[in-house]
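Notes follow once the structure below has been shown.
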Amino acid sequence: MKNSLTNSDLKTKPKLWHCYNSRSLRALWAMEELEIEYEIETMAFPPRYTVEKYKELNSLGTVPFFVDGEQGEIQMTESVAICHYLVEKYQSENNIKLTAEDAEYGNYLNWLYHSDATLTFPQTLVLRYRAFAAKDCTQSKTADDYDAWFAARLERLSDHLLHHDYLCENRFTIADIAIGFSLHLATLLSLDKHFNPQVEAYLSRLKNRPAFQRAQAIGKEMDPFVKK
Ligand SMILES: N[C@@H](CCC(=O)N[C@@H](CS)C(=O)NCC(=O)O)C(=O)O
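The numbering of the sequence shown is this note's numbering, which starts it at 16 and goes up by one.
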């Protein structure tokens, strides 16, 4: 039964505004897994400084920014919500979603929300007050506190991965994209010192996926983690 649009049914393609190694990678990775057509605007980070009038497009000034619909009426700013939207909206041979009928649907939703609310949240403080801190920043204690906070918040995932190769139903879904990006970001912030072997193995399993590799190659020349 065809219950969702394929990309070719639409007059316009979804469009993503992206910065390398930022949370927009989640949406890009999902589109690559689904093998749908899309447009992409790759920008230097942070776009509210590097792209003129970016805040007129997205008043938050953040990435991702995502537009879809014939009139561009769908405008989204939350990376996990975009992944969720994409799998519900676009039919694909590659089934990377769960539905309410699946036994682990609740766990799937929980991992999706967990990825940003529980894992990326403490990382953002480490990013702000350590990785991208101004020279005169006096908040290094905040970064240290949230480094330890991240370690504690990782425990639930570490325990789960002791007995699972993927988060839900023994197969790859967007829950793995959402959580996988949080782990990838942790490696960029040197927070992978908190990874257990099963977390390391899980992340390499995800990073070996051709769709991740295609997505991650886009915009590499604008890597904000490389000091110029
Ligand atoms: N909850 C949002 C957060 C978006 C967000 O904060 N993105 C960061 C990059 S990972 C950003 O654009 N920061 C630039 C800035 O704040 O100027 C999501 O998951 O997409």
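Where a beta carbon is used, it is the ideal one built from N, C-alpha and C, also for glycine.
For clarity, every value in this text was computed on a predicted model and none was experimentally measured.
| Check | Outcome |
| --- | --- |
| Cβ-heavy atom distance, valine 66 to ligand 1, below 6 Å | no |
| Nearest neighbour of proline 239, chosen from Asn211, Ile189, Phe147, Glu54 [CA to CA] | Phe147 |
| Entirely enclosed beta strand (DSSP E) segments - the segment 31 to 86, minimum 3 residues | 54 to 58, 80 to 83 |
| Check: serine 155 C-beta below 6 Å from any heavy atom of ligand 2 | Ligand 2 is absent from the structure shown, which contains only ligand 1. |
| Coarse secondary structure for proline 29, derived from DSSP in three states | coil |
| DSSP three-state assignment for cysteine 152, whether helix, strand or coil | coil |
| Proximity winner among Thr188, Ala167, Pro29, relative to aspartate 117 (alpha-carbon distances) | Thr188 |
| Cα-Cα separation, serine 155 to leucine 204 | 14 Å |
| CB contact flag (aspartate 191, leucine 177, <7 Å) | no |
| Member of Met237, Asn109, Phe165 whose CA lies at the smallest distance from the CA of arginine 186 | Asn109 |
| Spatial distance of aspartate 159 from valine 141 (CA atoms) | 7 Å |
| Buried versus exposed, by CB contacts within 10 Å (16 or more), lysine 112 | buried |
| Alpha-carbon to alpha-carbon, glutamine 86 and arginine 38 | 25 Å |
| Alanine 230, buried or exposed, once every other Cβ within 10 Å from all chains shown has been counted against 16 | buried |
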